[in-house]
Amino acid sequence: MAELLLDSKIRFWVFLPLMAITFLVGIIKHYLFIFMSNDKTVDKQQLTDSQALLRSRLIRENGKYLPKESFLMRKNYFTNEDSGFFVKQKRQSTVKNPMSDPKAMTEMLKGNFLNMIPMVVIGGWINWAYAGFLCTKVPFPLTFRFKPMLQKDVNLVSLDASWVSSASWYIINLFGLRSMYNLVLGENNAADQTKAMQDQMSGAALSMPDDISKAFKAENESLTITEHKWLLKGIEQSFLN
Amino acid sequence: MMMKNDQLLALSESAIRYNHFLLDYCQTSISALSGCTAGIIGLTGLYGFLFYFICSILMSFVLVAFLGKNKSDYFLSTQSLFTSTIWSGLQTYLLFWTFLYGMCIDSII
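Protein chains in written order, with the working numbering: chain H, 1 to 241; chain Z, 1 to 109.
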């Protein structure tokens, strides 16, 4: 097969700009997210409930560092059959429709907005402006199966699979630069589009449990069956030795 | 970070997570740097992959040497120093390798 030669202008007007655009859009997105996110106002009842759940979980996990009496005292406070916190509290199940709550609606819109703008607008613009270029060649041979992945919108059957088209180069950058954002922006950055997509799919963005009485019941059960196991047995001896 | 008490281990989860974050940080740096190097000197095919694995295993050895015998205070197993991040780093490596290879090697452009 004949060797292909690319115009060196493609390098400076397509190949390099695509990487720079992808990277800088991610950074702009991170700072926009910080700029636009305001503190959520949570109502008092909800906060109390979620803190109680959190505390109970901590007791379950770290109760092994507490003396037995302390552990039982805390367990009793939560799970006593007559006066335990989880038993006594009666909450009406408030499965709120997010559509009816304007505040949640705005938050959701804002989050979607910030994710969709780069995905649709930048992606669309890149597809339009840089359509149909071959950018580069990956420095290793690939099999025929990789062609649809690396040569989006260049449908040439006889072309070697190692050539990369501009649309695919953008997508490769989108995924490959993820860990670079961790390096540049810190661990929990907002630039990571793919992570946001995963969150949306699994519904992990909703951290507050919807039905609080159900959560209480489950937590009550799991705390009840937790046995105390003293982890620091003989700790004085092992420190002295 | 961690203390030994009979057979039971007391761990701080946030400290473990932080250590793994730092390990990831090292791995990403090494991947990016070795990717740039491989692209600039124009490695192709199997040699490029070999170069990556040599570099990241070297980094793991440097970390092991750096931590010395305190190693078990920070990481549960020595093996995780070598294997836990090597695949996620490969993605970054491939990106930088392809990028610098495309930018520097004249034979294709």
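Note that beta-carbon positions come from the ideal geometry of N, C-alpha and C, so glycine has one too. If you're wondering where the values come from, they're calculated on a predicted model, not measured in any experiment.
Which residues of chain Z have a Cβ atom closer than 8 angstroms to the Cβ of residue 140 (chain H), listed in chain order?
If you number the first sequence from 1, residue 140 (chain H) lands on position 140. Near residue 140 (chain H) (Cβ distances below 8 angstroms), the residues of chain Z are 44, 45, 46, 48, 49.
Quick check on residue 91 (chain Z) - is its C-beta less than 8 angstroms from some C-beta in chain H?
Within the second sequence, residue 91 (chain Z) is the residue found at index 91, counting from 1. Yes, residue 91 (chain Z) counts as interfacial toward chain H.
How many Å lie between residue 50 (chain Z) and residue 120 (chain H) at the Cα?
Locating residue 50 (chain Z) in the second sequence gives position 50, counting from the first residue. Locating residue 120 (chain H) in the first sequence gives position 120, counting from the first residue. Their backbone Cα atoms lie some 38 angstroms apart in a straight line.
Considering residue 150 (chain H), what are the terminal residues of the beta strand (DSSP E) in which it resides?
Looking up residue 150 (chain H) in the first sequence gives position 150. Residue 150 (chain H) -> not in any beta strand (DSSP E); alpha helix (DSSP H) instead, spanning 147-150.
Tell me, please, whether the region 34-44 of chain Z touches the region 90-109 of chain Z by the rule of three or more beta-carbon pairs shorter than 8 angstroms.
These segments touch.
Report, in whole angstroms, the separation of the C-beta atoms of residue 83 (chain Z) and residue 32 (chain Z), which I expect to be a contact under 8 angstroms.
Residue 83 (chain Z) sits at position 83 when you count from the first residue of the second sequence. Residue 32 (chain Z) sits at position 32 when you count from the first residue of the second sequence. The Cβ separation is near 20 angstroms, so there is no contact.
Which term fits residue 136 (chain H), buried or exposed, when burial requires 16 or more other beta carbons within 10 angstroms of its beta carbon?
Mapped onto the first sequence, residue 136 (chain H) falls at position 136. Looking at its Cβ environment, which holds 16 or more other Cβ atoms inside 10 Å, residue 136 (chain H) is buried.
How many Å lie between residue 222 (chain H) and residue 71 (chain Z) at the Cα?
The residue given as residue 222 (chain H) occupies position 222 in the first sequence. The residue given as residue 71 (chain Z) occupies position 71 in the second sequence. Their Cα atoms are separated by approximately 36 angstroms.
Does the beta-carbon distance from residue 81 (chain Z) to residue 58 (chain Z) come in below 8 angstroms?
Reading the second sequence from its first residue, position 81 is the one you call residue 81 (chain Z). Reading the second sequence from its first residue, position 58 is the one you call residue 58 (chain Z). No, they are not a contact pair.
Between residue 168 (chain H) and chain Z, is the shortest Cβ-Cβ distance under 8 angstroms, so that the two count as touching?
Position 168 of the first sequence, counted from the start, is the residue given in the question as residue 168 (chain H). Cβ-Cβ to chain Z under 8 angstroms: no for residue 168 (chain H).
Determine the DSSP secondary structure at residue 85 (chain Z), reduced to helix, strand or coil.
If you number the second sequence from 1, residue 85 (chain Z) lands on position 85. Residue 85 (chain Z) falls in the coil class under three-state DSSP.
So with Cβ pairs under 8 angstroms, would you call residue 241 (chain H) a contact of chain Z?
Taking the first residue of the first sequence as position 1, residue 241 (chain H) is located at position 241. Not closer than 8 angstroms to any Cβ of chain Z, the Cβ of residue 241 (chain H) fails to qualify, so no.
Whole-angstrom Cβ separation of residue 170 (chain H) and residue 126 (chain H), contact assumed at under 8 angstroms?
As a working mapping, residue 170 (chain H) is identified with position 170 in the first sequence. As a working mapping, residue 126 (chain H) is identified with position 126 in the first sequence. Going by Cβ atoms, the distance from residue 170 (chain H) to residue 126 (chain H) rounds to 5 angstroms, so yes, they are a contact pair.
Kindly indicate which three-state DSSP category residue 163 (chain H) falls into: helix, strand or coil?
By 1-based counting over the first sequence, the position of residue 163 (chain H) is 163. It is a strand residue.
Taking 6 angstroms as the limit between beta carbons, can you name the residues of its chain near residue 220 (chain H), skipping five residues before and five after?
Here residue 220 (chain H) corresponds to residue number 220 of the first sequence, with the count starting at 1. These residues qualify, in order along the chain: 79, 86.
Please report how far the alpha carbon of residue 102 (chain H) lies from the alpha carbon of residue 70 (chain H), in whole angstroms.
Here residue 102 (chain H) refers to the residue found at position 102 when the first sequence is read from its first residue. Here residue 70 (chain H) refers to the residue found at position 70 when the first sequence is read from its first residue. Taking the straight line from one Cα to the other gives about 44 angstroms.
Distance, Cα to Cα, residue 81 (chain H) vs residue 230 (chain H)?
As a first step, residue 81 (chain H) must be located in the first sequence, where it is residue number 81. As a first step, residue 230 (chain H) must be located in the first sequence, where it is residue number 230. Whole-angstrom Cα-Cα distance: 24 angstroms.
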